[in-house]
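Accompanying notes for the structure given below.
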Amino acid sequence: MNAGEREELARLLPFQVEPELPRDRHRHLKEFVMTEIHQDARPARPKRRLLRPAVLAPVLAAAAAVAIAAPLALGAGEAYAISKKDDGTIHITINEAKNPEELQAALRGMGLNAVVDYIPTGKRCSPQPRSQSFLSKEEAPLVVWPSQEEGFTIDPKVVKDGQTAVLEFSVSEKPDLQVAGIWAGVSTGPVADCELVDSTEAPLGPPRGN
């Protein structure tokens, strides 16, 4: 992850972008983040670019966190691609930052009780935290770490009856450097609807200290 991508990712996430990690996890972090941004000058239809995740150890105890650093394939077909793997996990790739309702409906169609929201830069979901009953990442490791594929993988088996998977994602809006961040957690209780409000903080997840 180069300095520009790290700075943009830090704007999206309410925790340190590269916290202290054991040596092997730090190595995996470097291996699995996409750092090259390619631009195709040809006038033909742009090639679909999939987002590769780098899974970060969160400072927040409330939830697991995933960060993705890569260009978005704006206008390149479907916004999302979802597939269920043989082990029951669900693999998701994001091609465009739009229509979270469609991703939410697709996940629910696979039997996962999920809430998905897109948070624009300069906004934040209110209220925060959206649930008083988030499980720790040890109790509910929703995100499979590290993903060996483009996109990211979640494990619906950790979301039990009566629980809810909460996914928030945001994309920086710099035209020359688009970085996506995703925050994920599991709640055992009610999850508040996302009312977008103006904010100068990182848009994803509960603010620092919550």
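Okay, so the sequence shown: first residue is -9 according to this note's numbering, each after it adds one.
Note that beta-carbon positions come from the ideal geometry of N, C-alpha and C, so glycine has one too.
request  = Compare the beta carbon distance of Glu70 and Leu93 with 8 Å and say whether it is the shorter of the two.
outcome  = Walking along the sequence shown from the start, residue 70 turns up at place 80. Walking along the sequence shown from the start, residue 93 turns up at place 103. The residue you asked about is not Glu; residue 70 is Tyr in the sequence shown. Yes; because the gap between Cβ atoms is below 8 Å, this pair is in contact.
inquiry  = Could you pull the DSSP bridge partners for Lys74 from this structure?
reply    = Against the sequence shown, residue 74 aligns to sequence position 84. Beta-bridge pairing links Lys74 to Ile80.
Cα-Cα separation, Leu157 to Val149 = In the sequence shown, counting from the first residue as 1, residue 157 sits at position 167. In the sequence shown, counting from the first residue as 1, residue 149 sits at position 159. Near 13 Å, if we compare the C-alpha coordinates of Val149 and Leu157.
request  = Determine, using beta carbons only, whether Leu132 and Ala155 come nearer to each other than 8 Å.
outcome  = Here residue 132 refers to the residue found at position 142 when the sequence shown is read from its first residue. Here residue 155 refers to the residue found at position 165 when the sequence shown is read from its first residue. Yes.
request  = Taking only runs that begin and end inside the stretch 93 to 127, name each unbroken beta strand (DSSP E) of 3 or more residues, in chain order.
outcome  = 104 to 108 and 113 to 116
task = List the DSSP bridge partners of Asp188.
result = Along the sequence shown, one-based indexing puts residue 188 at 198. Asp188 is bridged to Lys113.
key: Beta-bridge partners of Gly179, as assigned by DSSP   = The residue given as residue 179 occupies position 189 in the sequence shown. Answer by DSSP bridge pairing: none, since Gly179 is not bridged.
message = Pop quiz: Arg114 and Ser189 are said to be a contact at Cβ under 8 Å. What is the actual Cβ separation, rounded to whole angstroms?
response = Reading the sequence shown from its first residue, position 124 is the one you call residue 114. Reading the sequence shown from its first residue, position 199 is the one you call residue 189. Between Ser189 and Arg114 the Cβ distance is about 4 Å, and since that is below 8 Å, they are a contact.
query = Quick one, are the C-beta atoms of Ile109 and Ser160 less than 8 Å apart?
reply = The residue you call residue 109 lines up with position 119 of the sequence shown. The residue you call residue 160 lines up with position 170 of the sequence shown. It is a contact, given that the beta carbons lie within the stated cut-off.
message = Classify Ala192: buried if its beta carbon has 16 or more other beta carbons within 10 angstroms, exposed otherwise.
response = Locating residue 192 in the sequence shown gives position 202, where the first residue counts as 1. Counting Cβ neighbours within 10 Å, Ala192 comes out buried, since at least 16 surround it.
Straight-line gap, Leu97 to Pro117 (C-alpha atoms, nearest Å) = Counted from its first residue, the sequence shown places residue 97 at position 107. Counted from its first residue, the sequence shown places residue 117 at position 127. Taking the straight line from one Cα to the other gives about 24 Å.
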